Each structure stands twice: as structure tokens, then as C-alpha cells.
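K.L.:
Under my numbering, the first residue of the sequence shown carries the number 10, and numbering increases by one thereafter. A single structure is presented below for examination.
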Amino acid sequence: MRTHRIALIPGDGIGAEVLPAATAVLHAAGRRHGFTLAYDSFDWSCERYLREGAMMPADGLERIRHHDAILLGAVGWPGVPDHVSLWGLLIPIRRTFRQYVNLRPITVLDGVPGPLRTATADVDLVVVRENVEGEYSEIGGRLNRGFPEEMAVQESVFTRAGVTRVVDYAFDLAARRRGVLTSATKSNGIIHTMPFWDEIVAERARLGVTWSQEHIDALAAKLVLHPERFDVIVASNLFGDILSDLAAAVAGGIGVAPAANLNPEREFPSMFEPVHGSAPDIAGTGVANPVGAIWSAAMMLDHLGHPEAGDEVRAAFRAVLAGTAIRTPDLGGRATTGEFTREVVQRLEPAGG
Ligand code: NAD
Ligand code: IPM
Ligand code: MN
Numbered sequence: 010m011r012t013h014r015i016a017l018i019p020g021d022g023i024g025a026e027v028l029p030a031a032t033a034v035l036h037a038a039g040r041r042h043g044f045t046l047a048y049d050s051f052d053w054s055c056e057r058y059l060r061e062g063a064m065m066p067a068d069g070l071e072r073i074r075h076h077d078a079i080l081l082g083a084v085g086w087p088g089v090p091d092h093v094s095l096w097g098l099l100i101p102i103r104r105t106f107r108q109y110v111n112l113r114p115i116t117v118l119d120g121v122p123g124p125l126r127t128a129t130a131d132v133d134l135v136v137v138r139e140n141v142e143g144e145y146s147e148i149g150g151r152l153n154r155g156f157p158e159e160m161a162v163q164e165s166v167f168t169r170a171g172v173t174r175v176v177d178y179a180f181d182l183a184a185r186r187r188g189v190l191t192s193a194t195k196s197n198g199i200i201h202t203m204p205f206w207d208e209i210v211a212e213r214a215r216l217g218v219t220w221s222q223e224h225i226d227a228l229a230a231k232l233v234l235h236p237e238r239f240d241v242i243v244a245s246n247l248f249g250d251i252l253s254d255l256a257a258a259v260a261g262g263i264g265v266a267p268a269a270n271l272n273p274e275r276e277f278p279s280m281f282e283p284v285h286g287s288a289p290d291i292a293g294t295g296v297a298n299p300v301g302a303i304w305s306a307a308m309m310l311d312h313l314g315h316p317e318a319g320d321e322v323r324a325a326f327r328a329v330l331a332g333t334a335i336r337t338p339d340l341g342g343r344a345t346t347g348e349f350t351r352e353v354v355q356r357l358e359p360a361g362g
């Protein structure tokens with residue numbers, strides 16, 4: 010039986026509540042398809058930071074670099090500044106393992122109504138977010154703290170190689186989907202980096218994909234008014250971050266949104282995690298929506314070479330949402346994380362077994 014080694018990082022808050030849901034579903038999928046997942050679990054988190062002074066050990070990345078994939082819950086907790094927790098764990102994983110594509114599919118799920126008057130029935134899009142450079146740069150800092158000259162500076166870094174590879178990924182994906190690509194930009198005179206981004210998008214365009222660019226502000230409005238018009242959206246790190254929460258909310262909620270941080274060349278492990286964070290406001294109450302984590306786990310199965318198993322997992326949670334009233338409170342229901350997960354697992358178990 011094929012075994013995949015997975016590094017499990019539950020992290021903070023509801024991260025530790027939704028990951029068990031993901032592994033329960035993965036276990037059921039493995040039984041159907043004849044593979045097993047062997048987990049190494051790491052307690053890297055804000056709790057660890059408060060105890061030991063670091064989010065992860067000094068050789069943390071070395072310890073997980075040979076795993077087949079990383080499954081992560083969420084990082085960040087009140088009491089530890091976000092820039093400390095995120096630069097201490099999440100961002101180094103994305104960068105060191107060259108996970109330069111952050112793939113975030115957004116699909117309307119039957120039984121999950123969107124919040125808008127706009128019809129959202131046909132929304133099926135993917136945000137391809139640049140994940141290792143751009144606005145999330147280490148260049149800059151805070152100067153003159155406490156003085157009248159106090160300031161904060163951060164330089165965006167866009168490299169030709171970095172933009173080209175993510176844009177190529179997005180064009181490839183669009184060619185395999187409906188052949189429509191939208192590039193999120195802000196080239197109207199203010200920002201130096203975006204005309205550079207636009208030039209590279211234009212250079213990498215290919216036959217068979219209809220593409221256009223939209224200013225980020227107008228694009229945000231169009232995503233609300235006509236989300237069904239979009240297929241693949243390629244965006245810089247910060248623009249992609251914002252657009253993926255926006256599009257997920259339009260489609261029904263950020264609790265259901267998945268993400269894959271991909272190293273397409275497979276030099277390093279890729280990382281799968283829900284789009285949402287640690288949700289301190291509901292953590293500990295047992296009602297976190299596990300769909301984002303379960304869907305992320307399905308994307309991990311695709312990546313590990315089990316796309317049929319991934320499809321079955323997606324079909325299973327979709328069937329629960331479409332065919333029953335069992336759902337967590339964020340979707341208007343009363344189910345707990347565990348109750349919803351059991352329904353999904355049941356649909357993956359062999360009849361009578
Ligand atoms: P958040 O995603 O944690 O929460 C935003 C809102 O959505 C909250 O009201 C929360 O209850 C709700 N929500 C989120 N996920 C849910 C789920 N699965 N089910 C039901 N409701 C859900 O965002 P935030 O409040 O901006 O951030 C909280 C912490 O998480 C911060 O420390 C932040 O830096 C961190 N964060 C981490 C990641 C990550 O690890 N990838 C992503 C986003 C935020
Ligand atoms: C996400 C998160 C992170 C990001 C934060 C927590 C650094 O919002 O994964 O979308 O901006 O990348
Ligand atoms: Mn985000």
C-alpha cells in the first residue's frame with residue numbers, strides 16, 4: 010500500500026479544530042483508494058512561542074523538507090503580534106519551499122447561499138496568488154520609534170522570474186479551464202511595480218486564452234457585481250490575499266475556502282491550508298466550519314496523485330451541504346465541527362462498512 014508522509018501543523022485557534030476533520034476525511038478516502046497517510050505532528054504555534062520564544066525550532070524547516078506535503082491549520086493568536094507569528098512560521102514555509110503559487114478555488118456550493126442579491130449560481134473561479142514576493146517583502150522597517158520623525162517603510166519586490174512563473178502557471182490553468190484570464194493590477198500611474206507586472210502578463214499571453222487586466226479597485230467591485238464572469242484571476246501577493254477572501258465571501262463564506270501553496274517543480278513539499286485564520290472569536294466552541302480544511306485536504310490528494318480520491322472528498326462535502334440541513338453556524342446551521350465531519354466521512358465509507 011502506498012504511504013505518503015505528511016507534516017501536520019495544526020497551529021493556533023480553530024486550526025487545531027479543523028485539522029482533525031481533514032485527517033478523518035483523508036483516512037476514509039485512503040481506505041477507499043488503497044493509500045495511507047503517515048503523519049508527523051508539530052506543535053509549532055503561538056503557544057510554543059510563548060513557552061519557548063520561537064514559533065518553530067531553529068531546524069524546523071529542515072525537519073519537514075522531505076515530507077510529501079504539509080497540512081496546516083492556521084497561525085496567529087492574540088498576545089503574539091501577527092508579524093512575529095507569521096514571519097516566524099507561515100511565511101518562511103511558503104518562501105523557503107518556493108511555494109510561489111497560492112491556488113484558491115472559489116465555487117458556489119449547492120445549499121450555501123451567497124450574501125448578495127446578485128445571482129451567484131454560476132460562480133466558479135480560481136485566484137492564482139503570487140505567494141513569495143511582491144508587497145510581502147522583508148525590505149524595510151520602522152524607524153525613529155516614538156519620535157516625531159517616526160515612519161514605517163516597506164519596499165515591494167517584483168522580479169521578472171517571480172512574476173513570469175506565476176503568470177505562466179495562471180495561463181496554463183486558464184487554458185485547461187474556460188480559457189479566460191484576468192490580471193489584477195493597479196497600473197494607473199501610481200505604483201511602479203504594476204506596469205512591470207502588466208508587461209510580463211502581456212508577454213506571456215498565449216493563444217487560446219482570452220485575457221484582460223483590471224485595476225484592483227474596479228475588479229473588487231466587479232467580483233461583487235458579476236462574479237460569474239471570472240475564470241482565472243492572477244494577482245500579486247497582497248491583491249490575491251484580499252481578492253480571495255472577497256470572492257470566497259461572495260460565494261458563501263470564508264469558512265469554506267481552501268488553498269494550496271504549491272511548489273510546482275516539486276523541489277520541496279507543497280502546503281495545504283484553509284484560507285481562513287485562527288478565528289479567536291469562535292475558537293474553543295467546537296463550531297468552526299471544517300469545509301475549508303477538508304477541501305484543502307482534497308487539493309492535497311490531487312497533488313499526491315489521487316485526483317479521484319480528491320473528487321470523491323469534494324463530492325462528499327458537497328452532498329452534505331446540498332442534501333441535508335447539517336452545517337455549522339457560519340452557514341446558518343447548528344452542527345458542530347465533529348457532526349458535520351461525521352456526515353462527510355459516512356459518505357466515503359463503503360456501503361454497510
Ligand atoms: P479569521 O479568518 O481568523 O476570522 C475572520 C472571521 O471569520 C471571524 O469572525 C471568524 O470567526 C470567521 N471564520 C473564519 N474561519 C471560520 C470557520 N472555519 N468557520 C466559521 N467561521 C470562521 O481572520 P482574522 O480574524 O483576521 O485573523 C485571526 C488570526 O488568524 C490573526 O492572528 C491572523 O493573522 C491569523 N490568520 C492566519 C491565516 C493563516 O494561517 N493562513 C489566515 C488568516 C488569518
Ligand atoms: C492568508 C493569510 C496570510 C496572508 C496572513 C495571515 C499572513 O491572510 O493565508 O491568506 O496574508 O498570506
Ligand atoms: Mn488572507
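For each residue, glycine too, the CB sits at the ideal point set by N, CA and C. Note that this is a predicted model, so its numbers are computed, not measured.
Enumerate, from N- to C-terminal direction, the unbroken beta strand (DSSP E) stretches of 3 or more residues contained entirely within the stretch 227-264.
P.N.:
As far as the stretch 227-264 is concerned, its whole beta strand (DSSP E) runs of at least 3 residues are 241-244.
K.L.:
For R327, which of D250, P90 and A307 has the nearest alpha-carbon?
P.N.:
The residue with the shortest Cα to Cα distance from R327 is A307.
K.L.:
When we look at the beta-carbon of G362 and count the other beta-carbons within 10 Å, is it buried (16 or more) or exposed?
P.N.:
Reliability of the predicted coordinates at G362 is poor, the pLDDT of 47 falling under 50, and the value obtained from them is presented with this limitation in mind. Classification for G362: exposed.
K.L.:
Can you find at least 3 beta carbon pairs, one from the stretch 108-128 and one from the stretch 146-154, that sit closer than 8 Å?
P.N.:
Touching, no, given that fewer than three Cβ pairs across the two stretches are closer than 8 Å.
K.L.:
Taking M203 as the reference, which of R185, G217, H224 and E352 has the closest Cα?
P.N.:
Among R185, G217, H224 and E352, the Cα nearest to that of M203 belongs to H224.
K.L.:
CB-CB under 6 Å to V214, same chain, minus the five flanking residues each way: which ones, in chain order?
P.N.:
According to the sequence shown, residue 214 is Ala rather than Val. Counting only Cβ-Cβ distances below 6 Å, and skipping sequence neighbours, we find W220.
K.L.:
May I ask you to report which of helix, strand or coil DSSP gives E26?
P.N.:
Helix, per DSSP.
K.L.:
Scan the stretch 276-317 and note each continuous beta strand (DSSP E) run of 3 residues or more that stays entirely inside, going in chain order.
P.N.:
Counting only runs of 3 or more, we get 279-283.
K.L.:
To the nearest angstrom, how far is the alpha carbon of I3 from that of N140?
P.N.:
Because the chain in this structure spans residues 10 to 362, residue 3 falls outside the shown range and cannot be described.
K.L.:
From which residue to which residue does the beta strand (DSSP E) around Q163 run?
P.N.:
Looking at the DSSP string, the run of the beta strand (DSSP E) that includes Q163 is M160 to Q163.
K.L.:
Let me check understanding here. Comparing Cα to Cα, which of S94, V166 and P236 lies closest to L59?
P.N.:
The candidate whose alpha carbon is nearest that of L59 is S94.
K.L.:
Note down the Cα distance separating R238 from G188, rounded to an integer number of angstroms.
P.N.:
The straight-line gap from Cα to Cα measures roughly 12 Å.
K.L.:
Using three-state DSSP, classify L190 as helix, strand or coil.
P.N.:
Strand.
K.L.:
Please name the residue, chosen from A324, A297 and P359, that lies closest to R343 on a Cα-to-Cα basis.
P.N.:
For the residues A324, A297 and P359, the minimum Cα distance to R343 belongs to A297.
K.L.:
Considering only DSSP beta bridges, list what G20 is partnered with.
P.N.:
BP columns for G20 point to A83.
K.L.:
Could you give the DSSP three-state label for H92: helix, strand or coil?
P.N.:
Note: H92 maps to helix in three-state DSSP.
K.L.:
Would the stretch 28-36 count as touching the stretch 54-73 if we require 3 or more Cβ pairs under 8 Å?
P.N.:
The answer is no - the stretch 54-73 does not touch the stretch 28-36, with fewer than three Cβ pairs under 8 Å.
K.L.:
Which parts of the stretch 115-187 are runs of the beta strand (DSSP E), unbroken and 3 residues or longer, counting only runs that do not cross its ends?
P.N.:
List check, beta strand (DSSP E) in window: 133-139, 149-152 and 160-163.
K.L.:
Distance, Cα to Cα, S146 vs G249?
P.N.:
Distance between the alpha carbons of S146 and G249 is about 15 Å.
K.L.:
Closest to V172 by C-alpha separation, out of V210, P124, A161 and S165, would be which residue?
P.N.:
Closest by alpha carbon: V210.
K.L.:
Should G314 go down as buried or exposed, given a rule of 16 or more other Cβ atoms within 10 Å for buried?
P.N.:
So G314 ends up on the exposed side.
K.L.:
Measuring only from the beta carbon, is D226 closer than 7 Å to any heavy atom that is part of the ligand ATP?
P.N.:
As presented, the structure is devoid of the ligand ATP, carrying the ligand NAD, the ligand IPM and the ligand MN as its sole ligands.
K.L.:
Over what stretch of residues does the beta strand (DSSP E) that includes T219 continue unbroken?
P.N.:
Start and end: T219 to H224.
K.L.:
What three-state label does DSSP hand L216 in the structure shown?
P.N.:
Reduced to three states, the DSSP call for L216 is coil.
K.L.:
Find the nearest neighbour of R174 within the set A244, V162, L125 and G97, judged by alpha-carbon distance.
P.N.:
When only C-alpha atoms are compared, the closest one is A244.
K.L.:
What three-state label does DSSP hand H201 in the structure shown?
P.N.:
Three-state DSSP puts H201 in coil, outside helix and strand.
K.L.:
Can you tell which of T45, E61 and A83 has the C-alpha that lies nearest to the C-alpha of D21?
P.N.:
Of the listed residues, the one whose Cα sits closest to D21 is A83.
K.L.:
Hey, could you find the ends of the alpha helix (DSSP H) L357 is sitting in?
P.N.:
L357 -> alpha helix (DSSP H) spans T346 to L357.
K.L.:
I need the straight-line Cα distance from T345 to P124, nearest angstrom please.
P.N.:
Rounded to whole angstroms, T345 to P124 spans 22 Å at the Cα level.
K.L.:
Need the endpoints of the alpha helix (DSSP H) that P101 sits in, please.
P.N.:
P101 -> alpha helix (DSSP H) spans I100 to T105.
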